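Sequential numbering from -1 applies to the sequence shown in my numbering.
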Amino acid sequence: MPQISAKSQPATKTSGKERTLHLFTLCAFAVTQPLLEALSHQTVYLHDQQFGWFEIGALLFVLMVVIPIGVIGADKVFRLLSTKLHGRGRNTVMIFLMSLVILSLLRPYIPDNRFTWIGFTGVLAPAAALGCSCLLASVYERRQWLRQWLTLTSIGVILSPALFLMNYERSRLKETTVDAAVPAKNPVPIVFLIFDEFSGNTLVNDQLEIDSRRFPQFARLAGISTWYRNATTVSPRTEFAIPAILSGRFPVVEHPATAAEYPGNLLQLIEATRSFEMVVFEPVTRLCPESVIHRRIPEHSVKKKCWDLFAALVTVYPRLILSSDTPVWFPEIPRQWFGVPSEEDLLAKIIETKTGLIRYPGSEGRDHQQKHFLSFLSPSETPRFCFFHTVLPHYPWTFLASGEQYLSEFATRPYPLGARGGLGENWDNDPPTVIRNEFRYRQQVGYVDRFIGQVLDRLESAGLLERCLLIVTADHGVSFHPGHSRRLPDADNLSDILSVPLFVKLPGQLTGATDDRNIESVDLMPTIAQVIGIPLPEPIDGSSALCEARRPRKTLYYQGAMTVCEPDVRGRVDSIRRQQQLYGTKELDSMPASAASHSDWHGRSIADFIVDERTIPVELHDSFGRDMESEFSSDSTIVPRFISGIFDAQEFSNSPVEIVLTIDGIVRDTSKTTLVSYQGHGFEFLITESMAPGSVGKVELFVVDSKPSEVRLRRIKVEDRDPQE
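Shown next, in the form of structure tokens:
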């Protein structure tokens, strides 16, 4: 009997049960695992929404049963249809699932539009995933090893939900009640201000002193407090930096920012003394003890909770597998996913002058948040502990140093222009664009400086300034180095990200001092405890700033890694020198010349240029985020000093476009556009007081159409839009 060689043996067929198991496995890796992993990281979302076991059980039932059964049904339909197409399309569903798995594996390594071609990564990744999936489906039909591998990995069908349930159970941990503490020995009024994304280097001039001309109120504060010039953060992430400040512990393990995970934190200790009236503004973390929360968001029905949970995950999923420059429409992620109440819930909450926890949405209504906080800086029978974490001068940048708001917080881009990455934190290697962003940030620092003056004035008028403990700091710094991250440290930006402002005014202190010792953010909690005379519940990493002994090194923790550096952080002097070179001795609202594409044109009349009669249609927006004509409107308290727009990328072959801005026929600014994902080329202009004192006149924009022999300008016209859009 003739022998059949191994090569000529027919491929073994997959049984129906085996194929069903493999489809369940692929569903687990393609959909269930990415979604559950993303949800497990949103501890604040889970904390706020108060999902019960019914909602979580419904989610797991849909992910583990409903979706796989639907996929199996679709697979049977395609296999049945394939019999009429000579076997073509038999593995359509399997190829689709394999593509999703590959995309989810590739997503962490896909840059967000770092290439010149618009949508390059967003198109290349799905194409590569589809090609690989077709190959794998062919191998699946012909080779036993791939089917065996899918059978072995089918444990993921159960493992992924099991791991999620473990994390979910942890998120449901109840807050540990601090044992009744003895009253504070020195219950003085406490005002504790924490700003967000604020590098201490920003405040320093080339003499390593507070720049009193640009930031006079911080200089005033330094005159009555101790300025810790070498203060640094221990984490570049707010959700870990704030708990480190309030717990005095290094974020070696990145626990969720909830009271249950940080027992004995400062807010709990202060409340337990019963010596203070608590006023807590906590927009991002959830460390405030339950006893301080007077009003809560109303409980929703189980049906609405399930609907909200599924709706949120549907909007999140495309971002887990596709890069941001994929030329498709991404649904908007609900505000609650980021710990921000919905508008419906926000209206249901009490936002009035009363003590306790006051939880505003982070970057919305920041001017109102400040006014609300200032109202608490008044005499009271019981000393007040006033804690104010504000998302300033953090992006979005919407305020001038004068205190005026030039851009609606609802009309801003999700990320700064010229920033890429999943969180918009990677700067393009485009110095002028990055400088313009830094300039707007510095304007907002000027706005913060103005607020510091209001705090000092209010404390002084209330008779609290001399006898209070006043602490002003920030959670972490920020960097504006082209080609580097805004928040993630490297050798070039470490100094700016580590550095935070820190001013401590002790009760009775009236004269200023500068301290260059190694102080880290974990030292603030024990400092407060020492001043008011309360014992710490357990050993912590920080030590009071009032103690002479200091740690020999600085540390920064991020994603389980630790960066160690000398107390005199390398690059600090270079960073401050760079500021001096850019901004020199100019006023705070004077844009550096290096941010302009043609600073030599500024001040010239438009009559000096050849203006082409042809216009260019562009989608323009004003300070309110609305489509606009060539002149601003002014029907709001927002001052009309900001204009942005987007060009169709194909109109200019993906090349940067140079824009000229004129006010009443005089050139005031020039800039080149920056690639904005697959949408096109974006630009932004901030019209400062130095450009147009008083009210802004007639604003016009022109595109520079340069040729070797001459420079022509083409007027920009608002793009015609469908009125039904």
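Glycine included, C-beta positions come from ideal geometry on N, C-alpha and C. Fair warning: this is a prediction, and the values are worked out from it, not measured in the lab.
Annotation: the continuous alpha helix (DSSP H) that includes Lys303 extends over 300 to 319. Burial check for Asn263: the Cβ neighbour count within 10 Å reaches 16 or more, so the residue is buried.
One alpha carbon belongs to Phe681, the other to Ser131, and they sit about 40 angstroms apart. Remark: three or more beta-carbon pairs, one from each stretch, lie closer than 8 angstroms, so the segment 26 to 35 and the segment 314 to 325 are flagged as touching. In the pairwise beta carbon analysis, the segment 155 to 168 is classified as not touching the segment 232 to 245: fewer than three pairs are separated by under 8 angstroms. By the neighbour-count criterion, in which 16 or more other beta carbons inside 10 Å mark a residue as buried, Lys352 falls on the exposed side. Burial of Val470 is indicated by the presence of at least 16 other C-beta atoms within 10 angstroms of its C-beta.
Taking C-alpha positions only, Tyr166 is separated from Gln40 by approximately 10 angstroms. Each residue's CA atom was taken as its position, placing Ile67 and Glu53 some 20 angstroms apart. Looking at the DSSP output, Cys563 shares a beta bridge with Lys552. His600 places its beta carbon 8 angstroms or farther from that of Asp703.
The straight-line gap separating the alpha-carbon atoms of Arg145 and Asn424 is approximately 41 angstroms. Separation of Leu21 and Val63 (C-alpha to C-alpha, rounded to the nearest whole angstrom) is 11 angstroms. Here His84 is exposed, its C-beta having fewer than 16 other C-beta atoms within 10 Å. The way I'd put it, the segment 535 to 543 doesn't touch the segment 568 to 587; fewer than three beta-carbon pairs between them come closer than 8 angstroms. Inclusion of Glu546 and Phe478 in the CB contact set at 8 angstroms is not warranted, their separation being larger than that value. Under the DSSP assignment, Lys670 falls outside any alpha helix (DSSP H), being part of the beta strand (DSSP E) whose first and last residues are 664 to 670. Proximity to His474 across Pro480, Leu462, Arg485 peaks at Arg485, based on C-alpha coordinates. Its chain contains no residue whose beta carbon lies nearer than 7 angstroms to that of Val571 once the 5 sequence neighbours on both sides are disregarded.
The shortest C-alpha to C-alpha distance from Asp426 to any of Arg434, Gly416, Ile433 is the one to Gly416. The residue among Leu405, Tyr439, Phe607, Ile614 with its C-alpha nearest the C-alpha of Val665 is Phe607.
The alpha-carbon separation between Val453 and Leu375 amounts to approximately 8 angstroms. In the displayed model, Phe383 falls within a strand according to three-state DSSP.
Taking 8 angstroms as the upper bound for CB-CB distance, Ala239 and Thr231 are in contact here, some 5 angstroms apart. Under the three-state reduction of DSSP output, Met589 falls in the coil class, being neither helix nor strand.
For Gly14, the uninterrupted alpha helix (DSSP H) run begins and ends at 14 to 25, by DSSP. In its chain, beyond the 5 residues on either side, Tyr226, Ala229, Ala543 have a beta carbon closer than 6 angstroms to the beta carbon of Ile517.
In chain order, Val99, Gly154 place their CB closer than 7 angstroms to the CB of Phe27, counting only its own chain and leaving out the 5 sequence neighbours on each side. For the 8 angstroms CB-CB criterion, Val697 and Ile641 form a contact. One alpha carbon belongs to Phe213, the other to Arg448, and they sit about 8 angstroms apart. Between the alpha carbons of Asp73 and Leu79 lies a distance of about 10 angstroms.
Cys286 sits close to Leu265, with the two beta carbons spaced by under 8 angstroms.
Scanning Lys301, Arg602, Gln48, Leu61 for the CA closest to the CA of Val29 turns up Leu61.
Under a 10 Å Cβ-count criterion, Leu463 is classified as buried, with 16 or more other Cβ atoms of the shown protein chains found around its own Cβ. Beyond the five residues adjoining it in sequence on each side, Ser595 comes within less than 6 angstroms, by CB distance, of Glu656, Thr668, Ser669, Lys670 in the same chain, given in chain order. Beta-bridge analysis with DSSP links Met276 to Phe383.
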